[in-house]
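Protein chains in written order, with my numbering: chain A, 42 to 152; chain B, 2 to 113.
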């Protein structure tokens, strides 16, 4: 158990819908990262937050947004969902720039 | 930019050695290595900071050549438990603005 909690584990929704993925980092970790994993692209970096502020952005679509709250938990919002958004979404936390601890992921299926 | 890993896949017999390479076109601050077993989350193996250091973890070690912007992961006397997908992650800066970009992974299969 990495200490990073992601909910829900599975999410099935329809195209055009909006969903929210939640991540609770390890106690004391200030950095939260979001990654999208699909079969052909590996782990795609989406966004990083550090102590509530956005610090680095990857290939995150405009339909996606995220935030980190004062209690350090983070949410990833995905809207106007398309079939191609189906993937495994990982959250990871880190005390700083050291090793990342990954949550067990949220499997999103868009039908 | 995503680092490039090679090979994409490798099959070994228990006890054999393997090398996985990771290269980047950008200057690197650090290199991370993770292993992901099927259906599980990636698990940290080691991190190397610029300076050409080499690290080891049991029979798994890695090197980082900052000038060549390359890292290699060495698995010696492989065990069945080494099977999984190995990802290298490259960080291009220090501080709290840290973008860790992963390669597409190398699938390692160790057979009895």
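Note that beta-carbon positions come from the ideal geometry of N, C-alpha and C, so glycine has one too.
In this text the structure is predicted, and so the values were computed from the model without any measurement.
Under 7 Å from the C-beta of residue i: neighbouring residues of chain B
i                    : result
residue 43 (chain A) : 42
CB of residue i within 8 Å of CB of residue j, strictly
i                     : j                     : result
residue 19 (chain B)  : residue 11 (chain B)  : yes
residue 109 (chain B) : residue 72 (chain B)  : no
residue 62 (chain A)  : residue 147 (chain A) : yes
residue 74 (chain A)  : residue 119 (chain A) : no
residue 4 (chain B)   : residue 104 (chain B) : yes
residue 70 (chain B)  : residue 101 (chain B) : no
residue 81 (chain B)  : residue 15 (chain B)  : yes
residue 44 (chain A)  : residue 42 (chain B)  : no
residue 107 (chain A) : residue 117 (chain A) : yes
residue 123 (chain A) : residue 56 (chain A)  : yes
Per-residue contacts from residue i into chain A (C-beta, under 8 Å)
i                    : result
residue 33 (chain B) : 140, 141
residue 48 (chain B) : 139, 140
Residue i (DSSP reduced to helix, strand or coil)
i                     : result
residue 82 (chain B)  : helix
residue 13 (chain B)  : strand
residue 92 (chain B)  : strand
residue 125 (chain A) : helix
residue 110 (chain A) : coil
residue 48 (chain B)  : strand
residue 152 (chain A) : coil
residue 43 (chain A)  : coil
residue 58 (chain A)  : coil
residue 76 (chain A)  : strand
residue 98 (chain A)  : strand
residue 83 (chain A)  : strand
8 Å Cβ cutoff, residue i in contact with chain A
i                     : result
residue 65 (chain B)  : no
residue 105 (chain B) : yes
Below-8 Å beta-carbon distance, residue i vs any chain B residue
i                     : result
residue 99 (chain A)  : yes
residue 105 (chain A) : no
Within chain B, partners of residue i - CB distance below 8 Å
i                     : result
residue 74 (chain A)  : 101
residue 77 (chain A)  : Result: empty, since nearest Cβ-Cβ is about 11 Å, beyond 8 Å.
residue 155 (chain A) : The question about residue 155 (chain A) has no answer, for chain A in this structure spans 42 to 152.
Closer than 9 Å at the beta carbon, the chain B residues around residue i
i                     : result
residue 145 (chain A) : 41, 42
residue 83 (chain A)  : 3, 6, 86, 88, 103, 104, 105, 106
residue 110 (chain A) : Correct list: empty, because the minimum Cβ distance to chain B is about 18 Å.
Any 3 or more C-beta pairs closer than 8 Å across the segment 55–71 of chain A and the segment 135–143 of chain A
Because the criterion of three Cβ pairs below 8 Å is met, the segment 55–71 of chain A and the segment 135–143 of chain A touch.
Any contact of the segment 113–126 of chain A with the segment 70–89 of chain A, i.e. 3+ C-beta pairs under 8 Å?
The segment 113–126 of chain A makes contact with the segment 70–89 of chain A: 3 or more CB pairs, one atom from each, lie closer than 8 Å.
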